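Student:
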Amino acid sequence: MFSIDKIRADFPILNRKVHGKQLVYLDNGATSQTPQIVIDAIVDYYSNYNANIHRGVHTLSQEATDKYEEARIKIQKHFNAKKSYEIILTSGTTHSINIVASGFSALLNEGDEVIVSALEHHSNIVPWQMLCEKTGAVLRVIPMDEDGSLRMDIYHELLNGKTKLVFCNHVSNALGTINPIEEIIHAAHKFGAYVLIDGAQSCPHIKPDVQELDVDFYVASAHKMCGPTGVGMLYGKEELLKLLPPYQGGGEMIETVTFEQTTYAGLPHKFEAGTPNICGGIAFGVAIDYMNNIGFNAIAMQENELLAYATEELQKVDGLRIYGTSNKTSVISFNLEGIHPYDVGAILDKLGVAVRTGHHCAQPIMDYYKIPGTVRASFSFYNTKEEVDLLVAAVTKAQMMLS
Ligand code: PMP
Numbered sequence: 001m002f003s004i005d006k007i008r009a010d011f012p013i014l015n016r017k018v019h020g021k022q023l024v025y026l027d028n029g030a031t032s033q034t035p036q037i038v039i040d041a042i043v044d045y046y047s048n049y050n051a052n053i054h055r056g057v058h059t060l061s062q063e064a065t066d067k068y069e070e071a072r073i074k075i076q077k078h079f080n081a082k083k084s085y086e087i088i089l090t091s092g093t094t095h096s097i098n099i100v101a102s103g104f105s106a107l108l109n110e111g112d113e114v115i116v117s118a119l120e121h122h123s124n125i126v127p128w129q130m131l132c133e134k135t136g137a138v139l140r141v142i143p144m145d146e147d148g149s150l151r152m153d154i155y156h157e158l159l160n161g162k163t164k165l166v167f168c169n170h171v172s173n174a175l176g177t178i179n180p181i182e183e184i185i186h187a188a189h190k191f192g193a194y195v196l197i198d199g200a201q202s203c204p205h206i207k208p209d210v211q212e213l214d215v216d217f218y219v220a221s222a223h224k225m226c227g228p229t230g231v232g233m234l235y236g237k238e239e240l241l242k243l244l245p246p247y248q249g250g251g252e253m254i255e256t257v258t259f260e261q262t263t264y265a266g267l268p269h270k271f272e273a274g275t276p277n278i279c280g281g282i283a284f285g286v287a288i289d290y291m292n293n294i295g296f297n298a299i300a301m302q303e304n305e306l307l308a309y310a311t312e313e314l315q316k317v318d319g320l321r322i323y324g325t326s327n328k329t330s331v332i333s334f335n336l337e338g339i340h341p342y343d344v345g346a347i348l349d350k351l352g353v354a355v356r357t358g359h360h361c362a363q364p365i366m367d368y369y370k371i372p373g374t375v376r377a378s379f380s381f382y383n384t385k386e387e388v389d390l391l392v393a394a395v396t397k398a399q400m401m402l403s
């Protein structure tokens, strides 16, 4: 049974005050809050078995290694990867994308084409631009429509025999649009192109099945799904991870080293050079368990209810425009006519309401709407209708003060 009071009690930060007001945290798209069970796992690691992994014979090192590898298996099960070594633990989505983009620089040729969507976060644009600069490959863009959806008709026209890679987010961070990734993957595969899906914004809301999707690469960050910052994952099909060269050289990623030649370790270690975020990886596993215990159906039900209610209530505010109205997760990106989004955000903060303002690292979307940015309220399963009411009241007040 989904009990909002019980769930909120799991998040100590939700009790805090900001500028003397009760915190209303609606910046979940930037980072989610951390339940006590995840905080406890972090404290437990540093209090009881802090040690480097994979190389120590002593007890602490073995305990840390076991827990870290258990976390990898939790992540594997959650995403339904075939093998645990198809899960590479990284520092986050950005790192995961860079591993793949950098790896393909050895595999692409001049004149090859890669396709990106207009709805991407900068971290799913810039690494591919760098790849194109290095290789002479050409970047093609799937344009967006007024309602924040992708022009899939144009996507199908862009695909051709020269297309080697397609990268797209599952959910847009700026608008919340849920992209038709099944269709994107299926169509790309018909042309022999590989697909990377950026799941940074989908994973807090949707449980993806990488085998059912038949996706080649899927990436996410723990901090958007109740875990800590600085840790994330890269799923890749075994044969593709074997094909890609390592991203960084260093300890942990080798089999043998001499000054004449180094041979690389097998998966997943080939992509995990250096001491990883051990505690973060373990806490990521605990966060995944926490979310699965609540259940992704219950999470979606609560968030969809909040989205519908907040949309209805915000639409009552005169001069408020919502950007992106197609099928989406619990994100509302909006502006008040004639008022800069930053000013709205600053007043909301004084009233205890945390939202994000700006271009949300998705400047092409802002350029499309010809705006400097938006105010973005992003809801999580621990938010309430009362908090939506506080948001709407704060927006109305900001409008009065700034008009
Ligand atoms: N892609 C999307 C869609 C995102 O929302 C974000 C985070 N805002 C990222 C990538 C980058 O994630 P991280 O900063 O955790 O690497």
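All residue numbers for the sequence shown refer to the UniProt record's numbering, where the first residue is 1 and numbers rise by one. For every residue, glycine included, the Cβ atom is placed at its ideal position computed from N, Cα and C. Predicted model only: the values in this text are computed from it and were never measured.
(1) Check whether the Cβ atoms of Y309 and V215 sit closer than 8 Å, and answer yes or no.
(2) Considering only heavy atoms of the ligand PMP, does any lie closer than 7 Å to the CB of D198?
(3) As a quick exercise: from H58, L89, I299, pick the residue whose alpha carbon is nearest that of I4.
(4) Does the ligand PMP have even one heavy atom less than 7 Å from the beta-carbon of N277?
(5) Please list the segments of the beta strand (DSSP E) lying wholly inside the stretch 79 to 119, counting only runs of 3 or more residues, in order along the chain.
(6) Keeping to the same chain, check which residues put their C-beta closer than 6 Å to that of K237; ignore five residues upstream and five downstream.
(7) Say yes only if the C-beta of T374 is nearer than 7 Å to one or more non-hydrogen atoms of the ligand PMP, and no if none qualify.
(8) Check whether the Cβ of T94 sits closer than 7 Å to any heavy atom of the ligand PMP, and report yes or no.
(9) What ranges does the beta strand (DSSP E) occupy inside the stretch 166 to 240, keeping only unbroken runs of at least 3 residues that lie completely in it?
(10) Check whether the Cβ of H189 lies closer than 7 Å to any heavy atom of the ligand PMP, and answer yes or no.
(11) Given a cut-off of 8 Å on the beta-carbon distance, is the pair S396 and V375 in contact?
(12) Out of V126, L107, N304, H340, which one is the CA nearest neighbour of residue 469?
(13) If you run the structure through DSSP and keep just helix, strand and coil, what is M253?
(14) Would a C-beta distance cut-off of 8 Å place L391 and V18 closer than the cut-off?
(15) Return the first residue and the last residue of the beta strand (DSSP E) that A377 is part of.
(16) Opposite L320 in the DSSP bridges: which residues?
(17) Rounded to whole angstroms, what's the CA-CA distance from Y323 to F334? Just pull it up for me.
(18) Report back the beta-carbon spacing between A220 and G230 to the nearest angstrom; my notes put them in contact at under 8 Å.
(19) Is it right to say G92 is buried, meaning 16 or more other beta carbons lie within 10 angstroms of its own, or is it exposed?
(20) Buried or exposed for D112, going by 16 or more other Cβ atoms inside 10 Å?
(21) Could you say which of S378, L267, Q302, L336 lies nearest to M401 if we only look at CA atoms?
(22) I want to check one thing, is the minimum distance from the CB of S221 to the heavy atoms of the ligand PMP below 7 Å?
(23) Does the ligand PMP have a heavy atom nearer than 7 Å to the CB of G249?
(24) Taking the runs of the beta strand (DSSP E) that are 3 residues or longer, which of them lie wholly in the stretch 255 to 286?
(25) Within its chain, find whatever has a CB closer than 8 Å to the CB of A101; leave out the 5 residues flanking it on each side and keep chain order.
(26) According to the neighbour-count rule (16 or more other Cβ atoms, all chains shown, within 10 Å of its Cβ), is H186 buried or exposed?
(27) Hey, L139 and V114: beta-carbon distance below 8 Å or not?
Tutor: On the basis of the supplied data:
(1) By one-based count along the sequence shown, residue 309 stands at place 309. By one-based count along the sequence shown, residue 215 stands at place 215. Result no, Cβ atoms of Y309 and V215 do not sit closer than 8 Å.
(2) The residue labelled residue 198 in the question sits at position 198 within the sequence shown. Yes; taking the cut-off as 7 Å, the Cβ of D198 has a heavy atom of the ligand PMP nearer than that.
(3) Taking the sequence shown and counting its residues from 1, one reaches residue 4 at position 4. Ranking the options by Cα distance to I4, first place goes to I299.
(4) As a working mapping, residue 277 is identified with position 277 in the sequence shown. Flag unset: Cβ of N277 not near the ligand PMP.
(5) 87 to 90, 113 to 117
(6) By one-based count along the sequence shown, residue 237 stands at place 237. The beta carbon of K237 sits closer than 6 Å to the beta carbons of D216 from its chain, once the five residues preceding and following it are set aside; these are given in chain order.
(7) Here the question's residue 374 lines up with position 374 in the sequence shown. For T374, the shortest C-beta to heavy atom distance toward the ligand PMP is 7 Å or greater.
(8) Residue numbering aside, residue 94 sits at position 94 when the sequence shown is read from its first letter. Checking every heavy atom of the ligand PMP against the Cβ of T94, one is found closer than 7 Å.
(9) 194 to 198, 217 to 221, 232 to 236
(10) Here residue 189 corresponds to residue number 189 of the sequence shown, with the count starting at 1. Residue side-chain check: H189 keeps its Cβ at 7 Å or more from all non-hydrogen atoms of the ligand PMP.
(11) Walking along the sequence shown from the start, residue 396 turns up at place 396. Walking along the sequence shown from the start, residue 375 turns up at place 375. According to the sequence as given, residue 396 is Thr; it is not Ser. Cβ atoms of T396 and V375: not closer than 8 Å.
(12) Absent from the model: residue 469. The displayed extent of the chain is 1 to 403, so no value can be given.
(13) As a first step, residue 253 is located in the sequence shown; it is residue number 253 there, counting from the start. It is coil, neither helix nor strand.
(14) As a position in the sequence shown, residue 391 is number 391, starting the count at 1. As a position in the sequence shown, residue 18 is number 18, starting the count at 1. No; because the gap between Cβ atoms is not below 8 Å, this pair is not in contact.
(15) Position 377 of the sequence shown, counting from 1, holds the residue named residue 377. Where A377 is concerned, the enclosing beta strand (DSSP E) stretches over 374 to 378.
(16) Counting from 1 along the sequence shown, the entry for residue 320 is found at position 320. Note: L320 sits in a beta bridge opposite L336.
(17) In the sequence shown, the residue the question calls residue 323 occupies position 323. In the sequence shown, the residue the question calls residue 334 occupies position 334. So the two alpha carbons sit approximately 6 Å from each other.
(18) As a position in the sequence shown, residue 220 is number 220, starting the count at 1. As a position in the sequence shown, residue 230 is number 230, starting the count at 1. Not quite, the Cβ-Cβ distance comes to about 14 Å (not below 8 Å), so this is no contact.
(19) Position 92 of the sequence shown holds residue 92. With a threshold of 16 other beta carbon atoms within 10 Å, G92 meets it and is buried.
(20) Here residue 112 corresponds to residue number 112 of the sequence shown, with the count starting at 1. By the neighbour-count criterion, in which 16 or more other beta carbons inside 10 Å mark a residue as buried, D112 falls on the buried side.
(21) In the sequence shown, counting from the first residue as 1, residue 401 sits at position 401. The residue from S378, L267, Q302, L336 with its alpha-carbon nearest to that of M401 is L336.
(22) Residue 221 sits at position 221 when you count from the first residue of the sequence shown. The answer is yes for S221.
(23) Here the question's residue 249 lines up with position 249 in the sequence shown. Every heavy atom of the ligand PMP is 7 Å or more from the Cβ of G249, so no.
(24) Complete beta strand (DSSP E) runs here, min 3: 262 to 264.
(25) Here residue 101 is taken as the residue at index 101 of the sequence shown, counted from 1. Excluding sequence neighbours, A101 sits near P127, W128, M130, L131.
(26) In the sequence shown, residue 186 corresponds to position 186, counting from 1. Exposed, by the Cβ-count rule.
(27) Residue 139 sits at position 139 when you count from the first residue of the sequence shown. Residue 114 sits at position 114 when you count from the first residue of the sequence shown. A contact, by the Cβ cut-off of 8 Å.
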